Amino acid sequence: MIPNDEGSLQIGEAAGTGGQHTQGTINFWTLFRLILVLGLSVAAIYGIVYGLKKLARPAEARDPYLRVLGTTHLGSNRFVHIVAVGTKAWLIGSSDGSVQPIAEITDKELLDAMFLDESKKLSESGKSGKDFASILRRFIPNQKTPETTIDLNAERLRKQRERLRGL
95 MIPNDEGSLQ
105 IGEAAGTGGQ
115 HTQGTINFWT
125 LFRLILVLGL
135 SVAAIYGIVY
145 GLKKLARPAE
155 ARDPYLRVLG
165 TTHLGSNRFV
175 HIVAVGTKAW
185 LIGSSDGSVQ
195 PIAEITDKEL
205 LDAMFLDESK
215 KLSESGKSGK
225 DFASILRRFI
235 PNQKTPETTI
245 DLNAERLRKQ
255 RERLRGL
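Note that the sequence shown covers residues 95 to 261 in this note's numbering.
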């Protein structure tokens, strides 16, 4: 048997490579990953800026006397609005350059139906409540009222008391 010579052992690199690495070359997949990561980064930054702009927008101050009951888009920046002041309402046309009154709405039943629909929309969207509890109720579905919570706690305590009497 011939003993192994330490000089003939190759550690770390395979024989015949000569220590040359091809780290400087860029192939298709490296370029594809670079473009993909860059695109995702731009999209994330755009999303963050859009979200911050949305949050920074001041809350729309609602005037209880002046209300827009309905709006319809007619095309090319032209709209028709129904605007109410108190118990009267008008049909108004608007475009980029002007706002023109079209007609006064005098049908009492139609106005009552519009006012009812507006109040339903406000109550469903939660805009009618301005306190913290009403805002919180929009985000927490099926929230129990404090009375219900007290009743449930009392029932739970009653059951525990009965269980402890049985011991």
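Every residue gets a Cβ at the ideal spot worked out from N, C-alpha and C, and that includes glycine.
What you are looking at is a predicted structure, and each value in this text was computed from that prediction instead of being measured.
What do you reckon, are the CB atoms on residue i and residue j nearer than 8 Å?
i	j	result
V193	I199	no
V162	V174	no
Under the rule that 16 or more other beta-carbon atoms within 10 Å means buried, what is residue i, buried or exposed?
i	result
I129	exposed
V136	exposed
Q254	exposed
L149	exposed
Nearest by alpha-carbon distance to residue i: which of the options is it?
i	options	result
G180	R255, L146, F209	F209
D211	T119, F126, K148, G164	G164
A183	K215, L204, Y144	L204
H167	D157, Y159, A150, S188	S188
P158	L149, T119, S213	S213
Between residue i and residue j, how many whole angstroms is the CB-CB distance? I'm expecting something under 8 Å.
i	j	result
N171	D201	So it is not a contact: roughly 29 Å between Cβ atoms.
Every unbroken beta strand (DSSP E) inside the stretch 161-195 [3 residues or more]: 173-179, 182-188
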